[in-house]
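Visitor: The structure follows.
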């Protein structure tokens, strides 16, 4: 009788621990998904930081018509874009976000006598915009969705 009770208690503890482990896994799964999403957003923020640093470094060796504040504004526009496009719910909404972002960049570049966004910057900015939108399935990664509104 003692062995049966011990076996029953051990079996009960085993099942209870198994259930608790499954519960913990299901609780941590959303965190894992969120962590992956956070990592992907971090990558785009890194690309924006690389662009920003490149612009600031160029300012040190040249005398462009833009300022550090303009560079900060460019980075802010792109960071807002990444956030807004990731939260968008449809292709139409996403393309409107692309259009608004490109138009903001057009105005900023015009304010800077069209020196802020030149060839290298254009490629980096377009890549950020295109890739973020393609992650949502709104376009193919090789499709330039900025071209219709882009003046840079």
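Residue numbers (the working numbering): 42 to 193. We put the beta carbon where it would ideally sit given N, CA and C, even for glycine.
What are the boundary residues of the alpha helix (DSSP H) that includes residue 23?
Guide: As displayed, the chain neither begins before 42 nor continues past 193, which places residue 23 out of reach and without an answer.
Visitor: In angstroms with no decimal places, state the Cα-to-Cα distance between residue 102 and residue 192.
Guide: 26 Å
Visitor: If the criterion is Cβ atoms closer than 7 Å, does the pair residue 93 and residue 123 meet it?
Guide: no
Visitor: Hey, how far is the Cα of residue 151 from the Cα of residue 145?
Guide: 10 Å
Visitor: Tell whether a beta-carbon distance below 7 Å holds between residue 138 and residue 129.
Guide: yes
Visitor: Using a Cβ-Cβ cut-off of 6 Å (strictly less than) and excluding sequence neighbours within five positions of residue 60, which residues of its own chain qualify?
Guide: Because residue 60 sits at a pLDDT of 49, beneath the cut-off of 50, its placement in the model cannot be relied upon, and the point is left open.
Visitor: By DSSP, does residue 191 sit in helix, in strand, or in coil?
Guide: coil
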